[in-house]
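**Student:** In the numbering used here, the protein residues as written are 71 to 282. Okay, handing you the structure first.
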């Protein structure tokens, strides 16, 4: 009962069981999707996406029946240790997403050659998510070549070298810092990122349609 009193919001539940909901926006789909992302309890604390046994990423278009949809598909999913505990403690909590990956917006900004902090950060976060998908299953290892593309890595490294770490170490100084400009071919970056997005999107299964 003590543990239950500690869970007052859906964020509390997510933190307790290291299981979060991602809102994912891409032009590949008619509406936004919701994915389940978690940190596994394995030796390496591997970050993973909830997937079906065939490797496809589990996704829903609404959070209203998320629990019921997962339970109806559970025999086809790769279960993880905290999944049942997370589901069992939903209770009357309002189910909400932890963060948003608006890949449609990121591609749109890159297409306009806008490489502001928000765009570069969104880019790096998506590349990290794609990396989680690659690393969680040996069947995805052939996709590593896309994440290792020279241009993709250059922008990813720029984010950590000139945005993430400087901001983390001294936020006040970062706000006034005239950081080096990211000089790259944005048209080529758009193409390379779009390739990754298509691969990722092609591995997503909208689950409601599958169980109707």
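Glycine residues also receive a C-beta, built at the ideal position from the N, C-alpha and C atoms.
(1) Less than 8 angstroms between the CB atoms is what I'm expecting for residue 273 and residue 149, so what's the real figure, rounded?
(2) Is residue 119 near residue 203, with beta carbons less than 7 angstroms apart?
(3) Counting only runs that start and end within the segment 97-157, where is the alpha helix (DSSP H) found for 4 or more residues in a row?
(4) Who are the Cβ neighbours of residue 124 in its own chain at under 7 angstroms, not counting the five residues just before and after it?
(5) Comparing C-alpha positions only, which one of 109, 76 and 262 sits nearest to residue 217?
(6) According to DSSP, is residue 87 helix, strand or coil?
(7) Would you say the segment 248-266 touches the segment 102-113, given that touching needs at least three Cβ pairs under 8 angstroms?
(8) Under a three-way DSSP split, which group does residue 172 fall into?
(9) Since residue 128 and residue 153 are thought to touch, with beta carbons under 8 angstroms apart, how far apart are those beta carbons, to the nearest angstrom?
(10) Whole angstroms are fine: how far does the CA of residue 260 sit from the CA of residue 196?
(11) Answer yes if the segment 86-96 comes into contact with the segment 157-177, meaning at least three C-beta pairs across the two stretches below 8 angstroms, and no otherwise.
(12) To which residues does DSSP link residue 93 through a beta bridge?
(13) Quick check: the Cα distance between residue 158 and residue 87, rounded to an integer number of angstroms?
(14) Taking Cβ positions, are residue 225 and residue 200 nearer each other than 7 angstroms?
(15) Residue range of the alpha helix (DSSP H) that residue 214 falls in?
(16) Would a C-beta distance cut-off of 7 angstroms place residue 156 and residue 89 closer than the cut-off?
(17) Quick check: what's the CA-CA separation for residue 266 versus residue 240?
(18) Taking C-alpha atoms, which residue in 151, 136 and 256 lies nearest to residue 177?
**Tutor:** Taking the geometry as given:
(1) The Cβ separation is near 19 angstroms, so there is no contact.
(2) yes
(3) The segment 97-157 contains these whole alpha helix (DSSP H) runs: 136-143.
(4) none
(5) 262
(6) coil
(7) no
(8) strand
(9) Rounded, the Cβ-Cβ distance is 11 angstroms, inconsistent with contact.
(10) 14 angstroms
(11) The answer is yes - the segment 86-96 touches the segment 157-177, with three or more Cβ pairs under 8 angstroms.
(12) 104 and 170
(13) 11 angstroms
(14) Residue 225 places its beta carbon 7 angstroms or farther from that of residue 200.
(15) 214-217
(16) yes
(17) 33 angstroms
(18) The candidate whose alpha carbon is nearest that of residue 177 is 256.
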